[in-house]
Amino acid sequence: MQHADECADYTLQMLVLDRRDESCNMARYYVLSVEPTLFGDVALVRQWGRLGSPGRRRLDLHADDEAAGEALETWLARKVSRGYQIRV
């Protein structure tokens, strides 16, 4: 039996974004990452919420890295258009 890291051809990708607006007491985060699953699929993991809180988490399954990467880019563009900035 092969381990997941022996048979999967993936690159871990993670982006952390945040959006802050002191005038309306807004401090939000959004995390996007591409991760392998135990069943050979690739998941786009999205986590979001208010800074300092555990927030919510959702996994969107994709057949391969390319599809997951495209979904990550789509979500990134959507969040940047709404005022989120990539945290470095």
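Residue numbers for the sequence shown follow the numbering used here, beginning at 1 and rising by one. Cβ atoms here follow ideal geometry from the backbone N, Cα and C, with glycine treated the same way.
Assigned exposure category for residue i - 16 Cβ within 10 Å defines buried
i: Leu59; result: exposed
i: Ala68; result: buried
i: Arg82; result: exposed
i: Val80; result: exposed
i: Val42; result: buried
i: Arg28; result: buried
i: Val88; result: exposed
Span of the beta strand (DSSP E) around residue i
i: Leu17; result: 13-21
i: Ala63; result: Looking at the DSSP string, Ala63 is not in any beta strand (DSSP E), and its letter there is neither H nor E.
i: Arg87; result: Here Arg87 belongs to no beta strand (DSSP E), and DSSP marks it neither H nor E.
i: Ser53; result: Segment: none, Ser53 is in no beta strand (DSSP E) and carries neither H nor E.
i: Arg28; result: 26-36
Of the residues the options, the one placed nearest residue i, counting alpha carbons only
i: Leu61; options: Met14, Cys24, Val45, Asp18; result: Val45
Beta-carbon proximity of residue i to residue j, cut-off 9 angstroms
i: Gln85; j: Leu32; result: no
i: Gln13; j: Tyr30; result: no
i: Leu51; j: Arg20; result: yes
Own chain, CB closer than 8 angstroms to residue i, minus 5 neighbours either side, in chain order
i: Ala63; result: Asp41, Val42
Neighbourhood of residue i by C-beta, 6 angstroms cutoff - its chain only, sequence neighbours within 5 removed
i: Gln2; result: The predicted model places Gln2 with a pLDDT of 45, which falls under 50 and marks its position as unreliable; any figure quoted below should be read in that light. If we look at Gln2 and ignore the five residues flanking it on each side, it has no Cβ neighbours.
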